[in-house]
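For reference, the structure discussed in these notes is given below.
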Amino acid sequence: MDRTGGAGLVTIEFVVAVVAAVQGIFVVLIIALLIANRLYQNFVARRMSLAATDVAEPMRHWLVGVATADDVAIALRRIDPQTALDELLRVVASRVPSAQLDELAAALHDEPWVRGVIQGERSRLWWRRLDAARILSVVGRAEDRDCLRRLLADRHPAVQSAATSALGRVADARMISLVLDEIPRQSFVVRFYEINALRDLWHLTIPALVERLRPSAPPRMLEAWVNLAEAIADPACLASVLPLASHEDADVRLAAARALKKYFHTDSVPALQTLMADADWRVRGQAARGLGALSARDAIPQLSAALGDRIWWVRFRSGLALAQLGEPGRKALREAREMDDRYGREMAAMISGLSEGGIVELAEA
Numbered sequence: 002m003d004r005t006g007g008a009g010l011v012t013i014e015f016v017v018a019v020v021a022a023v024q025g026i027f028v029v030l031i032i033a034l035l036i037a038n039r040l041y042q043n044f045v046a047r048r049m050s051l052a053a054t055d056v057a058e059p060m061r062h063w064l065v066g067v068a069t070a071d072d073v074a075i076a077l078r079r080i081d082p083q084t085a086l087d088e089l090l091r092v093v094a095s096r097v098p099s100a101q102l103d104e105l106a107a108a109l110h111d112e113p114w115v116r117g118v119i120q121g122e123r124s125r126l127w128w129r130r131l132d133a134a135r136i137l138s139v140v141g142r143a144e145d146r147d148c149l150r151r152l153l154a155d156r157h158p159a160v161q162s163a164a165t166s167a168l169g170r171v172a173d174a175r176m177i178s179l180v181l182d183e184i185p186r187q188s189f190v191v192r193f194y195e196i197n198a199l200r201d202l203w204h205l206t207i208p209a210l211v212e213r214l215r216p217s218a219p220p221r222m223l224e225a226w227v228n229l230a231e232a233i234a235d236p237a238c239l240a241s242v243l244p245l246a247s248h249e250d251a252d253v254r255l256a257a258a259r260a261l262k263k264y265f266h267t268d269s270v271p272a273l274q275t276l277m278a279d280a281d282w283r284v285r286g287q288a289a290r291g292l293g294a295l296s297a298r299d300a301i302p303q304l305s306a307a308l309g310d311r312i313w314w315v316r317f318r319s320g321l322a323l324a325q326l327g328e329p330g331r332k333a334l335r336e337a338r339e340m341d342d343r344y345g346r347e348m349a350a351m352i353s354g355l356s357e358g359g360i361v362e363l364a365e366a
């Protein structure tokens, strides 16, 4: 029994010693890995810093007009493609004039490292496709349109967003139509980038958008297009939005009410007044907001009545709209503080106590 117990004790001690040794080795390896990673990161940072320094002088000379784009291309050729891409995009982000950017694009487009980055658009790795989209925003040409179409249809949102920034260099009417038809299906973030890009390309976007703003279009797509019309705020687009204020779909009417606040036309106020009686409270709230933005003093009776709406948001928007209409609106608010409806009285009192700056800030929120 003693010998058996002793053997068992020795075995347990041996196992504990082995486990402790393994754990010790594991800790040492972790520390070594952390040190190696830090050394590698420092090495990469130094290399990138040296590369950036080598490129900085030709870039600076080119920006002030004492060097050519070919000098910049030569400097970028000497460093690794990823660093070259980062430096190139950093310079472009500093708002290089379009004439200079065209010169640089012509010098870089056929560089081997640039072609290699662009060919990454077919890679299985999404970050390679992302780099392809990013570089097309600088060097893209008409011949790259097929490539950009594939990137715009990429399954990864980051690639789609980056590809959108290349529309200004590559887009034509056909590609704008493609983007317009896909906007309703995109995620919120991608749609945000695409709307900004389409707004910058208004000369191509407006004709295609006006053609699509028809009541017969699918409601989901129509809603997205009306939101785009609001962002562009072009009279031709907003004129096409006006008939949609009576659309059967509530979301389309909501988008139309939101857009019409930017349409300073005699027909806008009657359309918004009609929407003040809409069954959907969201539409009523946006209609009140639009009447305030358009300074529609003829709508004071409706806005005053809306202070008694059963929905708080409609009462709030109606009160703000009255406060935007100058002294006549302020007078209506003072009178509303004596109305029979308790909620209307409280809203009128709250809005009356706001400063002019507060009213402007809340009305634009």
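Under the working numbering, the final residue of the sequence shown carries the number 366; numbering is consecutive throughout.
Heads up, the beta-carbon is just placed ideally off N, CA and C, and yes, glycines get one too.
Taking the continuous alpha helix (DSSP H) assigned at residue i, which residues delimit it?
| i | result |
| --- | --- |
| Phe193 | Phe189 to Asp201 |
| Leu304 | Ile301 to Ala307 |
| Leu326 | Careful: Leu326 lies outside any alpha helix (DSSP H) and carries neither H nor E. |
| Leu245 | Unbroken run through Leu245: none, as it is neither H nor E. |
| Ser269 | Ser269 to Leu276 |
| Val97 | It is not in any alpha helix (DSSP H) - Val97 carries neither H nor E in the DSSP assignment. |
| Gly1 | One cannot answer for residue 1 here, as it falls past the ends of the chain, which runs 2 to 366. |
| Arg116 | Pro113 to Gln120 |
Please state the DSSP three-state secondary structure of residue i.
| i | result |
| --- | --- |
| Phe317 | helix |
| Tyr1 | Residue 1 falls outside the range modelled here, since the chain spans only 2 to 366, and no answer is possible. |
| Met348 | helix |
| Arg254 | helix |
| Pro216 | coil |
| Asp3 | For Asp3, the predicted model reports a pLDDT of 49, less than 50, meaning its position is unreliable and no value from the coordinates is stated. |
| Leu355 | coil |
| Ser138 | helix |
| Met340 | coil |
| Arg311 | coil |
| Ala225 | helix |
| His204 | helix |
| Arg125 | coil |
| Ala234 | coil |
| Ala366 | coil |
| Asp279 | coil |
| Ala297 | coil |
Rank the options by C-alpha distance to the C-alpha of residue i and give the top, closest one.
| i | options | result |
| --- | --- | --- |
| Ala258 | Val242, His266, Leu199 and Glu249 | Val242 |
| Pro244 | Ala234, Ser217 and Val23 | Ser217 |
| Trp128 | Val160, Val65 and Glu347 | Val160 |
| Glu122 | Pro113, Asp111, His110 and Arg135 | Arg135 |
| Ala232 | Ala198, Arg91 and Met340 | Ala198 |
| Arg91 | Asp111, Gln101, Gln120 and Met60 | Met60 |
| Glu224 | Leu210, Ala289, Arg48 and Gly293 | Leu210 |
| Glu58 | Ile75, Phe44 and Arg47 | Ile75 |
| Val45 | Glu195, Arg213, Ala163 and Gln83 | Gln83 |
| Ala364 | Arg316, Ala163 and Gln42 | Arg316 |
| Gln274 | Ala297, Arg283, Phe265 and Leu131 | Ala297 |
| Gly291 | Arg215, Leu261 and Asp341 | Leu261 |
| Gly320 | Gly293, Ile80 and Gly66 | Gly293 |
| Ala251 | Pro236, Phe265, Gln287 and Val93 | Gln287 |
| Asp299 | Ala280, Arg200, His204 and Gly327 | Gly327 |
| Met348 | Leu355, Leu308, Arg331 and Ile360 | Leu308 |
| Gly330 | Asp341, Asp310, Ala306 and Tyr344 | Ala306 |
| Ala324 | Glu144, Arg343, Ala174 and Met351 | Met351 |
| Asp341 | Asp310, Ser353 and Gly359 | Asp310 |
| Arg215 | Trp203, Ala230 and Arg125 | Ala230 |
Unbroken alpha helix (DSSP H) runs of length 4 or more, entirely within the stretch 6-88: which are they?
70-78
Which runs of the beta strand (DSSP E) spanning at least 3 residues fall entirely within the stretch 141-196, listed in chain order?
none
Do the stretch 113-121 and the stretch 150-160 make contact, defined as three or more Cβ pairs closer than 8 Å?
no
Three or more C-beta pairs below 8 Å linking the stretch 66-83 and the stretch 34-41
no
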